[in-house]
Amino acid sequence: MKVIGLGILLMSVFTGVSQKGYWQQHVDYTMNIDMDVNTNRFTGEQELVYKNNSPDTLTKVFYHLYYNAFQPGSMMDARSRTIQDPDPRVKDRIFHLNEDEQGYQKVNSLTQNGKAVKYVMEGTILEVTLDKPILPGKTTTFNMAFEAQVPKQIRRTGRDNYEGIRYSMTQWYPKLAEYDKDGWHSNPYIGREFHGVWGDFDVKITIDKNYILGGTGYVQNPQEVGFGYQDSSKKMVPHKGEKLTWHFNAPQVHDFAWAADPDFTHETAKLNNGTVLHFIYQVDSTEENWIKLRPYAVNSFEYVNENFGVYPYKQYSIIQGGDGGMEYPMCTLITGEGSFGGLVSVTVHESIHSWYQGLLATNESKHEWMDEGFCTFAQYKTMDHLFERKAMNPLARQYGGYIRLAKSDNAEPLTTHADFYKLNAVYGSNAYSKGAVLVQQLGYVIGDDYLMEGMKGYYYQWRYKHPNPQDFKRVMEKVSGIELDWYFEQFVGTINTIDYGIKDVVDIDGKTSIVLERIGDMPMPMDVVVTFKDGSKKWYNIPMRIMRGSKGKDMYGIERINKKPWPWVYPEYKLLLDVPMNQVVEVEIDPSTRLADVDRENNVYPNLSDQNPVLFDGK
């Protein structure tokens, strides 16, 4: 009741905040799919009802045809064979695929409101010229007949992955591209993330009767399909023939994924609020880990529900498949081999994507750090809880990854489009490590309590939408009362680094003078903790003047003394203590290690540096 009650309160507060001028498109999919497991090909019929909620008249639409990436000479293939550090799962494998191993999607017919329209296929994008423009506020219906061949598993989607899963069906259907205030997002599929239109999915998949399915959406005919989905108190509906039709319905999602294998087993576990977790995996040498995983997955969902906002769907499926771990609405596909700790960590990460991307559907090609970074932040907070580590900074590893990148010659700003990073490794360090550091460090700036309140508020205000960095920043500003333009401009838009140090500690007329210096280009507020001879500690908080406020409650648990703000243009700041220097044992900048300081060796007295810039007296 505590979780639900708090969630309702926050939801009412944050959803009541005006989002004047915000709009998003809406689409409803109805699909009928017939899969041939012998040829690995399927045919499909798709009805797509599209609502233009924009103020613009649309004369074209675009579809993604992801499977076409898995052909020799595709943009994904070319990029992987020319980038300095290719994804080891891809490398030149696409180039060497046989015809029956390649992927393709072919559109056989397409109509708008019953009339044929012109279309051109360019790699993974279908460009459609409309029969009639779609006016603002109007709805149109597209009907498409298509066929596809499932590629051999290389990246995210495909058949027969290295663990023997027959079908990992992700990015598998012609998917309408998103149109928003920035225009169309018809990015070719090169290997990164996705952006989709919110809507409802009604999907029927006809496949060999021995195959067990799991994925996005609720099974509508459980008494026909069985395999653990049925109500044991009711009679099964007999079926004839060698194939079985699975009927799924998924409300308010922006993608649809599924997996299928004849050797799957299907188990369930239930959260306190009734949400059902489905575990779908092969019974083999990894079975013990999958069984051990269940209570950890339940505990993870309970923790995230309480701290980040309540998961709104009635179920979530954890499915063995894919090529590592990848998130989709209401489900994830992850590989099962490896250590138990690794399985837990990947499961936690991918399931938390239900919050960051599944429900807060940021354009992750443009703002990949809001997806992977936020998810990584919540993942390591959750892992700290699950394994009772009680670390002051559970994201220490992410800080290390970011700092190594920041000190290298390869750093790029977080504003870099995901497809355009010069190195895959830089994308990874930025999206996952620097993105997570941005959130954790924000707690250092505004206070940990405000941070967690803001994360929950952000969720309730922006779920089922497409938030951007400004939307997140404004939530945090409203929660904390602190201006944060400078923080996002510097940490997101530049590669400027943070480096502060204790330059000098001296006695002045029986008082202790501590001179702090800014060495790096990015300014930050200061937390300075002083340990005295009697064993007591005091925390001196020095905000920046441009913050127009100071942080809220934080994690130190000791007396806090607020000092005069530091105008960031001054390279130095003097902190004057009304105690003799012989009573000071230690001075430390940021003992919480949440400040992404690229050189912490000068953060503790008596490790001193020696410089002489202009001094601001902040006493």
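Residue numbers for the sequence shown follow numbering that gives the first Met the number 0, so the first one is 0 and each next one is one higher.
For glycine and all other residues, C-beta sits at the position ideal for the given N, C-alpha and C.
Give, in chain order, every unbroken run of the beta strand (DSSP E) that is at least 3 residues long and sits entirely within the segment 246–308. Fully enclosed beta strand (DSSP E) runs of 3 or longer: 257–260, 263–269 and 275–281.
Just to confirm, are L441 and N429 a CB contact at a threshold of 7 Å? By one-based count along the sequence shown, residue 441 stands at place 442. By one-based count along the sequence shown, residue 429 stands at place 430. Judged by their CB atoms, L441 and N429 are not nearer to each other than the 7 Å cut-off.
Anticipated Cβ contact below 8 Å, D86 with N409, distance rounded: Here residue 86 refers to the residue found at position 87 of the sequence shown. Here residue 409 refers to the residue found at position 410 of the sequence shown. So it is not a contact: roughly 17 Å between Cβ atoms.
Just to confirm before moving on: does the CB-CB distance between H277 and G182 stay below 7 Å? Taking the sequence shown and counting its residues from 1, the one referred to as residue 277 is at position 278. Taking the sequence shown and counting its residues from 1, the one referred to as residue 182 is at position 183. With respect to G182, H277 sits apart: the two C-beta atoms are not nearer than 7 Å.
Just list the residues that DSSP pairs C374 with in beta bridges. Translated into positions along the sequence shown, residue 374 becomes position 375. According to the DSSP secondary-structure assignment, C374 is paired through a beta bridge with no residue.
6 Å CB neighbourhood of M648 in its chain, flanking five on each side removed: In the structure as shown, the chain starts at 0 and stops at 618, and residue 648 therefore has no counterpart that could be examined.
Between the CA atoms of K380 and R593 - distance to the nearest angstrom: Indexing the sequence shown from 1 puts residue 593 at position 594. Indexing the sequence shown from 1 puts residue 380 at position 381. So the alpha carbons of these two residues sit roughly 13 Å apart.
From the DSSP output, read off the bridge partner residues of E146. Translated into the one-based positions of the sequence shown, residue 146 becomes position 147. According to DSSP, E146 bridges with T42 and K105.
Within the continuous alpha helix (DSSP H) that includes I545, where are the two ends? The sequence position of residue 545 within the sequence shown is 546, counting from 1. Following the DSSP letters along the chain, one finds I545 in no alpha helix (DSSP H), marked with neither H nor E.
Cβ-based neighbour list, I494, same chain, cut-off 6 Å, excluding 5 preceding and 5 following: Stepping through the sequence shown from its first residue, residue 494 is reached at position 495. Cβ within range, chain order: A410 and P412.
Looking at the secondary structure, which residues open and close the alpha helix (DSSP H) in which N423 lies? Here residue 423 corresponds to residue number 424 of the sequence shown, with the count starting at 1. For N423, the enclosing alpha helix (DSSP H) covers residues N423 to G427.
Separation of T375 from P612, as counted between CA atoms: Here the question's residue 612 lines up with position 613 in the sequence shown. Here the question's residue 375 lines up with position 376 in the sequence shown. With a pLDDT of 46 at P612, under the threshold of 50, the predicted position of this residue should be treated as unreliable, and no value is reported.
Tell me the rounded alpha-carbon separation between S79 and R92. As a first step, residue 79 must be located in the sequence shown, where it is residue number 80. As a first step, residue 92 must be located in the sequence shown, where it is residue number 93. Spanning the two alpha carbons is a distance of roughly 9 Å.
Quick one: which unbroken alpha helix (DSSP H) runs of 4-plus residues sit fully inside the segment 72–98? Chain order, please. If only complete runs of 4 or more residues are kept, the segment 72–98 shows the alpha helix (DSSP H) at 74–81, in order along the chain.
In the DSSP output, which residue or residues are listed as bridge partners for H25? Numbered from 1 along the sequence shown, position 26 holds the residue referred to as residue 25. H25 pairs with K50.
Taking only heavy atoms of the ligand ATP into account, decide whether any of them is closer than 6 Å to the Cβ of Y280. You won't find the ligand ATP in this model; it holds no ligand whatsoever.
For W567, name the three-state secondary structure that DSSP assigns. As a working mapping, residue 567 is identified with position 568 in the sequence shown. W567 falls in the coil class under three-state DSSP.
Quick check on DSSP: helix, strand or coil for S353? The residue you call residue 353 lines up with position 354 of the sequence shown. Residue state, collapsed to three classes: coil.
Enclosing alpha helix (DSSP H) for G324 [first to last residue]: Within the sequence shown, numbered from 1, the residue matching residue 324 stands at position 325. For G324, there is no enclosing alpha helix (DSSP H); the residue is found in the beta strand (DSSP E) stretching over G324 to Y327.
Please classify F69: does DSSP put it in a helix, a strand, or coil? Numbered from 1 along the sequence shown, position 70 holds the residue referred to as residue 69. It is coil, neither helix nor strand.
For L125, which three-state DSSP category applies? The residue you call residue 125 lines up with position 126 of the sequence shown. In the structure shown, L125 sits in a strand (DSSP, three-state: E or B).
Cβ shell of S108 (< 6 Å), same chain only, five flanking positions each side left out: The count along the sequence shown starts at 1 and reaches residue 108 at position 109. Excluding residues within five positions, the ones whose Cβ falls inside 6 Å are A144.
Which first and last residues belong to the alpha helix (DSSP H) in which V436 is found? Counting from one through the sequence shown, the residue named residue 436 turns up at place 437. The continuous alpha helix (DSSP H) containing V436 extends over residues G434 to I445.
What do you reckon, are the CB atoms on Q251 and Y49 nearer than 7 Å? One-based indexing of the sequence shown puts residue 251 at position 252. One-based indexing of the sequence shown puts residue 49 at position 50. For Q251 and Y49, no; Cβs fall outside 7 Å.
Would you report the Cα separation of G509 and G500, rounded to the nearest angstrom? Reading the sequence shown from its first residue, position 510 is the one you call residue 509. Reading the sequence shown from its first residue, position 501 is the one you call residue 500. Across the structure, G509 and G500 are spaced so that their CA atoms are roughly 23 Å apart.
In the DSSP assignment, the alpha helix (DSSP H) including S484 goes from what residue to what residue? What you label residue 484 is simply residue 485 of the sequence shown in a count that begins at 1. The residue you asked about is not Ser; residue 484 is Asp in the sequence shown. Start and end: D484 to F490.
E336 and T264 - do their beta-carbons sit closer together than 7 Å? To locate residue 264, count along the sequence shown from 1; it is residue 265. To locate residue 336, count along the sequence shown from 1; it is residue 337. Contact: no.
Among residues of its own chain, excluding the 5 on either side of G320, which ones have a beta-carbon nearer than 7 Å to its beta-carbon? Here residue 320 refers to the residue found at position 321 of the sequence shown. Counting only Cβ-Cβ distances below 7 Å, and skipping sequence neighbours, we find N160, I164, S167, A258 and L332.
Starting from L358, trace the alpha helix (DSSP H) both ways and give me its first and last residue. On the sequence shown, residue 358 is found 359 positions in, with the first residue counted as 1. Unbroken run through L358: none, as it is neither H nor E.
Where does Y188 sit, in a helix, a strand or coil, going by DSSP? The residue given as residue 188 occupies position 189 in the sequence shown. It is coil, neither helix nor strand.
Who are the Cβ neighbours of V36 in its own chain at under 6 Å, not counting the five residues just before and after it? For the purposes of this step, residue 36 is taken as the residue at position 37 of the sequence shown. Scanning its chain for C-beta atoms nearer than 6 Å, with the 5 sequence neighbours on each side dropped, one finds around V36 the residues D207, in chain order.
Residues of its chain near Y228, where Cβ-Cβ distance is below 6 Å and the 5 sequence neighbours each way are ignored: Within the sequence shown, residue 228 is the residue found at index 229, counting from 1. Contacts found: V218 and P221.
Exposed unless 16 or more other CB atoms sit within 10 angstroms - verdict on K532: In the sequence shown, the residue the question calls residue 532 occupies position 533. Per the 10 Å Cβ criterion, exposed.
Is it a yes or a no for the segment 396–409 touching the segment 432–447, going by three-plus beta-carbon pairs under 8 Å? The answer is yes - the segment 432–447 touches the segment 396–409, with three or more Cβ pairs under 8 Å.
Restricting to Cα atoms, I'd like to know which of E516, K536, S512 and D589 is closest to P566. Stepping through the sequence shown from its first residue, residue 566 is reached at position 567. Closest by alpha carbon: E516.
Could you work out which residue in F247, D201 and E488 is closest to E223 when comparing CA atoms only? In the sequence shown, counting from the first residue as 1, residue 223 sits at position 224. Out of F247, D201 and E488, F247 has the C-alpha closest to the C-alpha of E223.
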